[in-house]
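Using our numbering, the first residue of the sequence shown is number 17, and each one after it goes up by one. See structure below.
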Amino acid sequence: MIKNKILQIRDEQEAIRLFGHQDEFLRLLEADFSVKILFRGGKAKISGQDADKVTGFFQYLLAEIRKHHYLNRAEVIEAIERLKRQEKLKPEGGNIEVSSKKRFIHPRTSGQSAYIKAIRQYDIVFSIGPAGTGKTYLAVAMAVNSLIKEEVSRIILVRPAVEAGEKLGFLPGNLYEKISPYLRPLYDALYDMLEVEKIQRYMDRGVIEVAPLAFMRGRTLNDSFIILDEAQNSTSEQMKMFLTRIGFDSKAVITGDVTQVDLPSGKISGLIEVRELLKDIEGIKFIYFSEKDVVRHELVQKIIKAYSLESIRQGRKSGEKEKS
Numbered sequence: 017m018i019k020n021k022i023l024q025i026r027d028e029q030e031a032i033r034l035f036g037h038q039d040e041f042l043r044l045l046e047a048d049f050s051v052k053i054l055f056r057g058g059k060a061k062i063s064g065q066d067a068d069k070v071t072g073f074f075q076y077l078l079a080e081i082r083k084h085h086y087l088n089r090a091e092v093i094e095a096i097e098r099l100k101r102q103e104k105l106k107p108e109g110g111n112i113e114v115s116s117k118k119r120f121i122h123p124r125t126s127g128q129s130a131y132i133k134a135i136r137q138y139d140i141v142f143s144i145g146p147a148g149t150g151k152t153y154l155a156v157a158m159a160v161n162s163l164i165k166e167e168v169s170r171i172i173l174v175r176p177a178v179e180a181g182e183k184l185g186f187l188p189g190n191l192y193e194k195i196s197p198y199l200r201p202l203y204d205a206l207y208d209m210l211e212v213e214k215i216q217r218y219m220d221r222g223v224i225e226v227a228p229l230a231f232m233r234g235r236t237l238n239d240s241f242i243i244l245d246e247a248q249n250s251t252s253e254q255m256k257m258f259l260t261r262i263g264f265d266s267k268a269v270i271t272g273d274v275t276q277v278d279l280p281s282g283k284i285s286g287l288i289e290v291r292e293l294l295k296d297i298e299g300i301k302f303i304y305f306s307e308k309d310v311v312r313h314e315l316v317q318k319i320i321k322a323y324s325l326e327s328i329r330q331g332r333k334s335g336e337k338e339k340s
């Protein structure tokens, strides 16, 4: 049965935010659902078998827009994908309060929602998945949130300093200049959430520390939110060293992409090893992201999926050769 729905739009600016520039979102919905959308005189007429579903989608977007929240192109396209998968339009998990102009950061996929819930519930969380899924960004947001709420007294952000085993000697400059490029993604996330002056003040006082993984040896980290980023490039020994640094009233998040290991041949990735070693330990949670959780350009999802399929294909080829 053909249905007709009417949606009232306040002004042209709201219509652009709702339908996209040159009606991009409108065309995407018409392509993926059985609807025809006509906007004229401040009213959108939605007709077709999926009129109820698409009208509900626009009502959700309008509510978000009118509440204060600016929806960028990527967020709207992600919402359309969730609608196609018949998932909840607004992922659960709650907003993350941070001290910045944004004030709140929120999950944008169901995988990110599960990730945030896990960080709130567990003391040690491993997040494994491709680039662009928000593993590091959301972990830093949760760390800042914990600091604001005084749940921890400091944030420690850690990375393997160099992909090939932290051999810094051949690089020019002093120690800070040597390690800074490898820690830059962690600084970028911080600067997106806290004022520059506050970050500098926190770092001067040791409230926020950004350091290479090798510097964690011999330490015990109490009352801290600790993030190990790019953990696929930690060795088995380094991963054990890091995990045994965690002290009382601390929380640790370990992030990485097991398809992007840059360790020298013969070195075992600590992140790959712990997937089996620690999977049954109560109090530790593993969250796995897929291309569906990528929140960058929509083509990135397709690129990641293509590489995953190629990896599977190559694995099958290898298995067939061994059998023969």
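For glycine and all other residues, C-beta sits at the position ideal for the given N, C-alpha and C.
* To do: Answer with buried or exposed for E182, where buried requires no fewer than 16 other C-beta atoms within 10 angstroms of its C-beta.
  => With a pLDDT of only 46 at E182, under the threshold of 50, the placement of this residue in the model should not be trusted; the figure read from the coordinates follows. Its Cβ being crowded by 16 or more others within 10 Å, E182 is buried.
* **Ordered list of alpha helix (DSSP H) runs contained in the segment 87–151, each at least 4 residues** => 89–100, 126–137
* Just how far apart, CA to CA, sit T149 and G127? -> 9 angstroms
* Asked: So who's on the other strand from Y304, going by DSSP bridges?
  -> I144
* **Residue environment, D68, which counts as buried when at least 16 other CB atoms sit within 10 Å** => exposed
* To do: Could you please give the first and the last residue of the uninterrupted alpha helix (DSSP H) stretch that includes F258?
  => 252–259
* Near G272, which residues of its chain fall below 7 angstroms by C-beta distance, leaving aside the five closest residues on each side in sequence? -> I144, E246, A247, Q248, L287
* Asked: Counting pairs of Cβ atoms below 8 angstroms between the segment 93–112 and the segment 73–84, do you hit three or more?
  -> yes
* To do: Use the C-beta contact count for N161: other C-beta atoms within 10 angstroms, 16 or more gives buried, fewer gives exposed.
  => buried
* Exposed or buried, what is Y207 when buried is set at 16 or more other beta-carbons lying within 10 Å of its beta-carbon? -> exposed
* Asked: Touching or not, the segment 59–66 and the segment 280–294, by the rule of three or more beta carbon pairs under 8 angstroms?
  -> no
* To do: Indicate whether A227 and I172 have their beta-carbon atoms separated by less than 9 angstroms.
  => yes
* Could you tell me the boundaries of the beta strand (DSSP E) in which F241 lies? => 240–244
* For V277, which residues from the same chain have a beta carbon less than 6 angstroms from its beta carbon, with the 5 sequence-adjacent residues on both sides left out? -> Q248, S285
* To do: Quickly, what does DSSP pair R56 with across the bridge? List them, please.
  => K59
* Asked: Any idea if T346 is buried or exposed, counting beta-carbon neighbours within 10 angstroms, 16 or more meaning buried?
  -> Since the displayed the chain opens at 17 and closes at 340, residue 346 lies outside it and no answer follows.
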